[in-house]
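> Got a structure here, written out as structure tokens. Questions coming.
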Amino acid sequence: MNASYTGGCACGEIRYAISDEPIFMNDCQCRDCQRMSGTGHGSYLTFPSRKAVNLNGEATHFDRVGDSGGIKTAAFCPKCGSPVYMTFAAMPELFTVHAASLDDPHRYKPQAVTYAVRGHAWDHTDPSLQKFEKMPPA
1 MNASYTGGCA CGEIRYAISD EPIFMNDCQC RDCQRMSGTG HGSYLTFPSR
51 KAVNLNGEAT HFDRVGDSGG IKTAAFCPKC GSPVYMTFAA MPELFTVHAA
101 SLDDPHRYKP QAVTYAVRGH AWDHTDPSLQ KFEKMPPA
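Be aware that the sequence shown starts at 1, since it is given in full-length UniProt numbering, and climbs by one per residue.
So, in structure tokens, the structure goes:
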């Protein structure tokens, strides 16, 4: 097993350390991810168990209905506004972090592009990645 995945917000108020390996790394082009990232997609690492997450600091949370119709909860720093992580009502055991929140962003290795149906011609993701119109089957 590799070293923990560590990271947090821009000002350091929220920090995490995750001892699991991610089960999925993706660039998501859904409209919510575009709005949260301020660009054409968000980049994420999803981990299999919240039990492996050591989280410090209090995030501000907000719920929204995703393109799938499911509720996802975004967590961001109330001080600096950085998006840090997301959780999903339909899959409460999963914990997803924003790739840019990693202390070592080079550990992010995207495996796929999701919600490509919402992608923009100006958003250039890795052309070698498999693209899914929505989410891939589990």
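All residues carry an ideal CB built from backbone N, CA and C; glycine is no exception.
Output the distance between the C-alpha atoms of residue 69 and residue 33, rounded to the nearest integer angstrom.
Answer to the nearest angstrom: the Cα atoms are 14 Å apart.
> Thinking C-beta only, is residue 59 closer than 8 Å to residue 77?
Yes, these two residues count as a Cβ contact at 8 Å.
> Tell me the start and end of each unbroken beta strand (DSSP E) in the UniProt domain "CENP-V/GFA" (5-123) that is at least 3 residues and wholly inside, in chain order.
Taking only runs of at least 3 residues, the beta strand (DSSP E) segments lying wholly in the UniProt domain "CENP-V/GFA" (5-123) are 5-8, 15-18, 24-28, 42-47, 53-56, 60-65, 71-76, 83-88, 95-98, 112-114.
> Which of the three DSSP states is assigned to residue 131 in this structure?
Strand at residue 131.
> My understanding is that residue 47 touches residue 23, with C-beta atoms under 8 Å, so please give their C-beta distance in whole angstroms.
Indeed they touch by this definition, with Cβ atoms about 7 Å apart.
> Use the C-beta contact count for residue 35: other C-beta atoms within 10 angstroms, 16 or more gives buried, fewer gives exposed.
That one is exposed.
> Where residue 50 and residue 98 are concerned, what is the direct C-alpha to C-alpha distance, given to the nearest angstrom?
About 15 Å.
> Buried or exposed: where does residue 12 fall if 16 or more other Cβ atoms within 10 Å of its Cβ makes it buried?
Exposed is the call here.
> Which residue's Cα is closest to the Cα of residue 57: 21, 9, 94, 66?
Checking every option, the nearest Cα to that of residue 57 belongs to 9.
> Which residue from 136, 118, 135, 111 puts its Cα closest to that of residue 127?
Nearest of 136, 118, 135, 111 to residue 127, Cα basis: 111.
> So, at 8 Å on beta carbons, what are the nonlocal neighbours of residue 134 in its own chain, with the 5 sequence-adjacent residues on each side left out?
Hits under 8 Å: 67, 68, 114, 115, 117.
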